[in-house]
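Numbering (my numbering), first residue to last: -6 to 159.
Where a beta carbon is used, it is the ideal one built from N, C-alpha and C, also for glycine.
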Amino acid sequence: MADFPKTSFYGEGQTDLRGPKGDKGDPGAQGDLGPRGPQGFDGTKGEPGTNGRNAVYRFGMFAVQGIQAGEILMDHIVGQACTLGQNFTGSVASCGTAPREIWTATIGLNDTPIGTLVIWPDLTIILAASVAGPIPLAFGEVVSLTAPEDPDDLIGRVRITFTGEL
-6 MADFPKTSFY GEGQTDLRGP KGDKGDPGAQ GDLGPRGPQG FDGTKGEPGT NGRNAVYRFG
54 MFAVQGIQAG EILMDHIVGQ ACTLGQNFTG SVASCGTAPR EIWTATIGLN DTPIGTLVIW
114 PDLTIILAAS VAGPIPLAFG EVVSLTAPED PDDLIGRVRI TFTGEL
């Protein structure tokens, strides 16, 4: 097999003009370290009690097609006390396959309704709270999402993410 640099750069009958490789020599001792640069900037402090993390608690769910009447789509136990925004501000929902008719799921807190997720056939989506003001969630409470009693055979890929402030 031919030497790649010689055969790829030089044509037939030409020789390598670089000459033979020299002795690698003794690497020698490493020199002293150079001067130390200035100290970097201090990072920004997180919210009190968050240990530098974002000051939110997020949890969510999704459901594929074939949602049954009254099906519990989410049953989330709260792992850290937080507060959902008024009318679920900061939370998001979407739907991949539209329902035939308006579809209304119930959002519950410890089996008590606190709001709804409404999806229209044109994929307009609204999260609406049935309680006034922000909604505090304590550690260990259960947030649920329950499908309506009238099933819809078309609706699918329902997704929701709740966001609570710590």
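Among the options, nearest to residue i - alpha-carbon criterion
i    : options                 : result
A48  : H69, T76, P92 and F34   : T76
G133 : K14, A56, Y50 and H69   : H69
G53  : G63, I60, V71 and G59   : V71
A91  : V57, G63 and Q73        : V57
I112 : D35, R150 and P129      : R150
D146 : G21, W96 and F34        : W96
A98  : Q23, D35, A121 and G126 : A121
E142 : Q79, P127 and I60       : I60
A125 : Q79, T105 and D115      : Q79
Residue burial classification, residue i (beta-carbon count within 10 angstroms, cutoff 16)
i    : result
G157 : buried
F155 : buried
G30  : exposed
P13  : exposed
G89  : exposed
Straight-line Cα distance separating residue j from residue i
i    : j    : result
R152 : A86  : 5 angstroms
T82  : S123 : 13 angstroms
P129 : I118 : 23 angstroms
F55  : P144 : 17 angstroms
V136 : D35  : 39 angstroms
D104 : M67  : 12 angstroms
Q23  : G33  : 27 angstroms
P106 : T139 : 10 angstroms
G21  : Q73  : 58 angstroms
Range covered by the beta strand (DSSP E) that runs through residue i
i    : result
S137 : V135 to T139
L147 : Looking at the DSSP string, L147 is not in any beta strand (DSSP E), and its letter there is neither H nor E.
P129 : I128 to L130
L159 : That residue, L159, is in no beta strand (DSSP E); it is neither H nor E in DSSP.
A171 : Here the chain has residues from -6 to 159 only, and residue 171 is not among them.
- Residue ranges of each beta strand (DSSP E) within the region 46 to 104, 3 or longer: 49 to 56, 65 to 70, 75 to 77, 85 to 90 and 96 to 102
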